[in-house]
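Trainee: The structure's right below; bear with me while I get my questions together.
In our numbering, the protein residues as written are 106 to 237.
Here it is as structure tokens:
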């Protein structure tokens, strides 16, 4: 998730792995050598960083199984049909998971939906009360 949250501004490259057995005590996972390079012309302005990162967080942590459900429930795309249509444009399946999305897919999702929350479902016939 963190790589996706920063990918419009930085390029992350894994240059090699360091096996867990190279450390004492050995951790539960391998280590890695990673390079980070600043993108010279980022596709999203830095002032929109928090909104973009909030969208990525909402998609990664929101309810649903597969991107079609997740996007329909957690973005302004609104319906599984609209989410599936958007996914096909990016060569993604409805059953794919958020980590399958490319940086440009995240950028397009942000441009398409912004960070507006999904439409809320209200109960008809209920009135809101003002407390005074």
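Glycine included, each C-beta is placed from N, C-alpha and C at the ideal position. Computed from a predicted structure; not experimentally measured.
Buried or exposed: residue 184, going by 16 or more other Cβ atoms within 10 Å of its Cβ?
Mentor: Under this definition residue 184 is an exposed residue.
Trainee: Between residue 149 and the rest of its own chain, which residues show a CB-CB distance below 7 Å, the 5 nearest in sequence each way excluded?
Mentor: The answer, listed in chain order, is 113, 157, 212 and 215.
Trainee: Between the region 171-185 and the region 198-209, do at least 3 Cβ pairs fall closer than 8 Å?
Mentor: Yes, the region 171-185 is in contact with the region 198-209.
Trainee: Go ahead and label residue 125 buried or exposed: buried means 16 or more other beta carbons lie within 10 angstroms of its beta carbon, across all protein chains shown.
Mentor: It counts as exposed.
Trainee: Just to confirm, is the Cβ distance from residue 117 to residue 151 under 8 Å?
Mentor: Result no, Cβ atoms of residue 117 and residue 151 do not sit closer than 8 Å.
Trainee: Compare the C-alpha of residue 154 against each of 115, 194 and 175 and name the closest.
Mentor: The option with the nearest alpha carbon to residue 154 is 115.
Trainee: Is the beta carbon of residue 206 closer than 8 Å to that of residue 109?
Mentor: For residue 109 and residue 206, yes; Cβs fall inside 8 Å.
Trainee: Below 8 Å CB to CB, which residues in the same chain sit around residue 144 once its five sequence neighbours on both sides are set aside?
Mentor: Answer for residue 144: 113, 114, 115 and 116, listed in chain order.
Trainee: Rounded to whole angstroms, what's the CA-CA distance from residue 130 to residue 120? Just pull it up for me.
Mentor: Approximately 23 Å between the Cα atoms of the pair.
Trainee: Should residue 141 be labelled buried (16 or more other beta-carbon atoms within 10 Å of its own) or exposed?
Mentor: Exposed, because fewer than 16 other Cβ atoms sit within 10 Å of the Cβ of residue 141.
Trainee: Tell me the start and end of each unbroken alpha helix (DSSP H) in the region 186-223 that is at least 4 residues and wholly inside, in chain order.
Mentor: Runs of the alpha helix (DSSP H) inside the region 186-223: 208-218.
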